[in-house]
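>
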DNA sequence: GCTTGCACCTAAATCGATTTAGCTTTTCTC
DNA sequence: GAGAAAAGCTAAATCGATTTAGGTGCAAGC
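Chains as they are written, first to last, in this note's numbering: chain B, 48 to 396; chain G, 48 to 396.
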């Protein structure tokens, strides 16, 4: 064991102890230098220099977990909250969640209770690889959002052993907050039908989350029920206006009679606007457009975009409430909270 | 000391040890239950229940730092990187930084080297209150952005003892990446002047970062030099289009002859569009508008917004490179990296 | 009666860094 | 030259949780 330890030592992370050995002093001396307190603790300048040299040479990287543990004041309890989202998703819901969560946290912080809130990203579909998720060594509580079906499957298979609220997805073993299933698509369809639109299409990105899929499904179902015919499906590469524009432009070529577009996100609707202008069709006279999400700038689109969707601040408020209830164990059972969509009637439909 | 310890114990965070004492078992047993491994380790079901009960009653919150330290594989070095930004600022630069940083990190990760990247927010002007900043117990490296002058003053006064890259600000004791001072405002002025605009205004938010202040200054200086007259200053409450619209509308009332607007962020330009439409003035025929930042949707504004500004991907690339150089100690001296602005000539000016 | 095996639990080491109290050795003072 | 003070450093405890190796007592088997 001793020999193996030596053998492996080559590539091991450098510790204070190793530096100390290398220089021929105690770990205490090294630590003193690292904290820049050698003056007050009266280390000889020559020693300080030798230690500094070694620190540089060996490429020392402090272990923050160890430092945190040590630095931590035993009088205050510290809770780590994370907002977990995928890189690929837009950040606007996240930033709202963050703001509200921070506010909730500021209210609850005191001399004996502090919180930290961070945003942590995972690659879509690879949530399971996030370090510290499973062994609960990273968070005391987490909000998980923008998951793909693979991530959902992972979550379903293991109940994370701390407070978790999942957004936009129904999972039996977690507390979930999401828009009322079916409603968004339904309302969008109603708007279109009330305007007498016949040749409808729904624009979705390639990667569908549960929410975006549900919106498209419900829209199609409602249209089918009312008119007997199925809306066209337009698939954009991702969430960006650019990909939306490309997809819609192609669709308009194939289906010039199209007179109503439902975009499952506002960014795609923005792309649709662009494509429509390019081929000289007016919104909403020629083509009605409905978006989802209430993009913070939707009112400033040209024309202002009519949106259907849950009030995100409500969604976030529910999430935050649930999270704190879970953490204080006031509610332990998994729950589903639905937030009904509202319609922001503007100009585009 | 013993008595005081007892006295304080009331309100102390609950530890595994305390639970163990409360139940009358060893910490090992409690830990076993917390990890849900009581089956394989053959704890009596009754004991498990008693422990669970106590965990609930006492409101146990695990100390993640301790868990991390313990869970940590001594073969791999783990580096914690943070992107620190203020709540009040828009996230779009942050999200780009995050994506590029994550990519860099993915490339450098290996079996013996892992990274985690998080976004951490501070209240504008209160960076100093962020826990773990000063005692280096949170990050091995950090990108700091969207600071206010108070934050800058704080940073100037203490050199953080780890790898730090500051964005958008010149601080002698740090590595900084920012747009070339003076250039953005100058270019914006040139565009306006080349179009023969005379009655110019610059729109800024109330809270000015160094960059936004510099843009406005340089714009005014360039205009003053060329024409001898000073552009008007329009102050919006914050960065939102909404506040921009309000401010511009007011300005137009006071200065109906205004024919050129320079907005120090794209979101403010979007608000300006709105205000201009409302009073029936055409862009760019009546009023030219120039924005900064190259908003990811600037091309989809109506009309597409002409932007001046650094290529953000360049900025971020420089930041990431510097950060890794600092961490591997390939470059230790503070540096300033300037990224020259480019002009995205679209329709609005 | 003695071993074996099982059920159930604990002592102690460990993760890495920091700090406090204290130990040598040298230098200074009278 | 004795005692005090200063300089320069270290041993060991600590932060909180986890795990490994091992102990104890009881029932079963021969």
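Yeah, the Cβ is synthetic: ideal placement off N, Cα and C, and Gly gets one too. Values in this document were obtained by computation on a predicted structure and should not be read as measured data.
Could you please give me the residues that DSSP links to residue 163 of chain G through a beta bridge?
Paired residues: G/127.
> Under a three-way DSSP split, which group does residue 186 of chain G fall into?
The answer is coil: DSSP assigns residue 186 of chain G none of H, G, I, E or B.
> Using a beta-carbon distance below 7 Å, is residue 349 of chain G in contact with chain B?
Cβ-Cβ to chain B under 7 Å: yes for residue 349 of chain G.
> So what does DSSP say about residue 222 of chain B, is it helix, strand or coil?
Note: residue 222 of chain B maps to strand in three-state DSSP.
> With H, G and I counted as helix, E and B as strand and the rest as coil, what does DSSP make of residue 266 of chain B?
Looking at residue 266 of chain B - three-state DSSP - the assignment turns out to be helix.
> Are any of the Cβ atoms in chain G nearer than 7 Å to that of residue 88 of chain B?
Chain G, which has no Cβ nearer than 7 Å to the Cβ of residue 88 of chain B, makes this no.
> Is there a Cβ from chain B that is less than 7 Å from the Cβ of residue 317 of chain G?
Yes, contact with chain B.
> Run through DSSP, which three-state label would residue 51 of chain G get?
Caution is warranted here: a pLDDT of 37 is assigned to residue 51 of chain G, below 50, making its placement in the model unreliable, and the coordinate value is therefore given only provisionally. Reduced to three states, the DSSP call for residue 51 of chain G is helix.
> Identify whether residue 259 of chain B lies in helix, strand or coil by the three-state DSSP scheme.
Residue state, collapsed to three classes: helix.
> Beta carbons nearer than 9 Å to chain B: which residues of the segment 164-194 of chain G have them?
Here the close residues are 164, 165, 166, 167, 168, 170, 177, 178, 179, 182, 183, 184, 185, 186, 187.
> Mind checking the segment 119-131 of chain G against chain B and listing, in chain order, the residues whose C-beta falls within less than 9 Å of any C-beta there?
Of all residues in the segment 119-131 of chain G, 119, 121, 122, 123, 124, 125, 126, 127, 129, 130 have a Cβ within less than 9 Å of some Cβ in chain B.
> Check the Cβ of residue 108 of chain B against every Cβ in chain G and list those closer than 7 Å, keeping chain order.
In chain order: 124, 126, 187.
> According to a CB-to-CB cut-off of less than 8 Å, which residues of the segment 297-322 of chain G neighbour chain B?
So the list reads 314, 317, 318, 320, 321, given in the order they occur along the chain.
> Quick test of your reading: residue 295 of chain G and residue 318 of chain G, contact by CB under 8 Å. State the CB separation rounded to the nearest angstrom.
Going by Cβ atoms, the distance from residue 295 of chain G to residue 318 of chain G rounds to 6 Å, so yes, they are a contact pair.
> Residue 96 of chain B to residue 117 of chain B, Cα distance in whole Å?
One C-alpha to the other measures close to 26 Å.
> Which residue marks the beginning of the alpha helix (DSSP H) containing residue 232 of chain G, and which one marks its end?
Unbroken alpha helix (DSSP H) run through residue 232 of chain G: 230-241.
> Just the Cα atoms here: how many angstroms apart are residue 56 of chain B and residue 311 of chain G?
Bear in mind that the predicted position of residue 56 of chain B carries a pLDDT of just 46, short of 50, making it unreliable; the figure below should be weighed with that in mind. The alpha-carbon atoms of residue 56 of chain B and residue 311 of chain G are separated by roughly 54 Å.
> Name the two residues that bound the continuous beta strand (DSSP E) containing residue 383 of chain B.
Residues 383-386.
> Identify every residue that forms a DSSP beta bridge with residue 308 of chain B.
The partner list for residue 308 of chain B (beta bridge, DSSP) reads B/248, B/336.
> Could you name the residues of the segment 278-297 of chain G whose beta carbon sits closer than 9 Å to any beta carbon of chain B, in the order they occur along the chain?
Taking 9 Å as the Cβ-Cβ cut-off against chain B, the residues of the segment 278-297 of chain G that qualify are 287, 288, 289, 292.
> Any beta-carbon of chain G closer than 7 Å to the one on residue 84 of chain B?
Cβ-Cβ to chain G under 7 Å: no for residue 84 of chain B.
> Looking only at its own chain, which residues have a Cβ that is under 7 Å from the Cβ of residue 381 of chain B, when we skip the five neighbours before and after it?
For residue 381 of chain B, where only same-chain residues beyond five positions count, the Cβ hits under 7 Å are 219, 220, 221, 222.
> Within a Cβ cutoff of 6 Å, which residues of the same chain sit near residue 351 of chain G, ignoring the five residues on either side of it in sequence?
Correct list, in chain order: 393, 394.
> Among B/61, B/169, B/239, which residue has its Cα nearest to the Cα of residue 125 of chain G?
Closest by alpha carbon: B/61.
> In chain B, which residues lie less than 7 Å from residue 159 of chain G when you measure between Cβ atoms?
Within 7 Å Cβ-Cβ: 58.
> Got a sec: is the Cβ-Cβ distance from residue 344 of chain G to anything in chain B below 7 Å?
It does; some Cβ of chain B falls within 7 Å.
> Strictly below 9 Å CB to CB, what residues from chain B border residue 111 of chain G?
In chain order: 112, 115, 125, 126, 127, 179, 183, 184, 185, 186, 187.
> Is there a Cβ from chain G that is less than 7 Å from the Cβ of residue 142 of chain B?
Interface residue, yes.
> Any C-beta of chain G sitting closer than 7 Å to the C-beta of residue 341 of chain B?
No, because no Cβ of chain G sits closer than 7 Å to the Cβ of residue 341 of chain B.
> Based on Cα-Cα distance, which residue from B/151, B/70, B/247 lies nearest to residue 160 of chain B?
Per the Cα distances, B/151.
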